[in-house]
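Residue numbers (my numbering): 466 to 666.
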């Protein structure tokens, strides 16, 4: 099985979540400075952690972010090359989304863009205690594809290979521990084949 993060890997949602982050923070009296990039160094990359780092009521912030996401008529689109990439990846191995976003939001997005048929399962943040634990619970998993340091850390803790994507929310310096770095979605196919070809012990 190949596990993929959602935001910043499949979905080009950084601007979407940045806008909602500013709204949810403002509702607690915090105005974020223009130009601030709240997700760039965040680890783990979760809204609960972001709320805590900002000095907000983290649980309230996390819940509000989830609610706001479901109120939006327009979200974002998949990264342009990802639909074709997912189709090919799904022919290589079963796919699973492993995300910190809520499961209902991820499923809605995938369905809206005709991508839901590529995935065997969708595990949002409401369905797992943490990505490392989720990966350890999937003995068939061989690869984690993510855009954040916490994705790479989770893969390492679970004993899996990892790919850090460079079109996502965090830059190369945050992804240094990845086994592979992908600059374009098409490179994921090469890395997936390599991981799947390794003997399992």
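Ideal Cβ positions, reconstructed from N, Cα and C, are used throughout, including at glycine.
These numbers come from a predicted model, not from an experiment.
Count the other CB atoms, across all protein chains shown, that sit within 10 Å of the CB of residue i; report buried if there are 16 or more and exposed otherwise.
| i | result |
| --- | --- |
| residue 664 | exposed |
| residue 611 | buried |
| residue 576 | exposed |
| residue 668 | Outside the shown range of the chain, which is 466 to 666, sits residue 668, and nothing can be said about it. |
| residue 633 | buried |
In the structure shown, what three-state DSSP assignment does residue i receive?
| i | result |
| --- | --- |
| residue 617 | helix |
| residue 627 | strand |
| residue 508 | coil |
| residue 643 | coil |
| residue 591 | helix |
| residue 548 | helix |
| residue 580 | coil |
| residue 557 | helix |
With residue i as the anchor, note down where its alpha helix (DSSP H) starts and where it stops.
| i | result |
| --- | --- |
| residue 659 | 652 to 662 |
| residue 516 | 512 to 518 |
| residue 483 | 479 to 492 |
| residue 609 | Note, residue 609: premise wrong, no alpha helix (DSSP H); beta strand (DSSP E) at 608 to 611. |
| residue 527 | 523 to 536 |
If you follow the beta strand (DSSP E) that residue i is part of, which residue opens it and which one closes it?
| i | result |
| --- | --- |
| residue 501 | Counting along the chain, residue 501 falls outside any beta strand (DSSP E), and DSSP gives it neither H nor E. |
| residue 571 | Counting along the chain, residue 571 falls outside any beta strand (DSSP E), though it belongs to the alpha helix (DSSP H) covering 568 to 577. |
| residue 560 | 560 to 563 |
| residue 600 | Careful: residue 600 lies outside any beta strand (DSSP E), inside the alpha helix (DSSP H) at 596 to 601. |
- Task: Count the CB pairs spanning the stretch 536 to 543 and the stretch 504 to 519 that are closer than 8 Å, and state whether there are at least three.
- Result: no
- contact_flag[the stretch 586 to 595, the stretch 632 to 650] where n(CB pairs < 8 Å) is 3 or more: no
- Query: Between the stretch 546 to 561 and the stretch 511 to 530, are three or more C-beta pairs nearer than 8 Å?
  - Reply: no
- Query: Does the stretch 652 to 664 come close enough to the stretch 491 to 500 that 3 or more CB-CB pairs lie under 8 Å?
  - Reply: Counting C-beta pairs closer than 8 Å gives fewer than three between the stretch 491 to 500 and the stretch 652 to 664, which falls short of the contact rule.
- Is the number of C-beta pairs between the stretch 577 to 588 and the stretch 614 to 627 that are closer than 8 Å three or more? no
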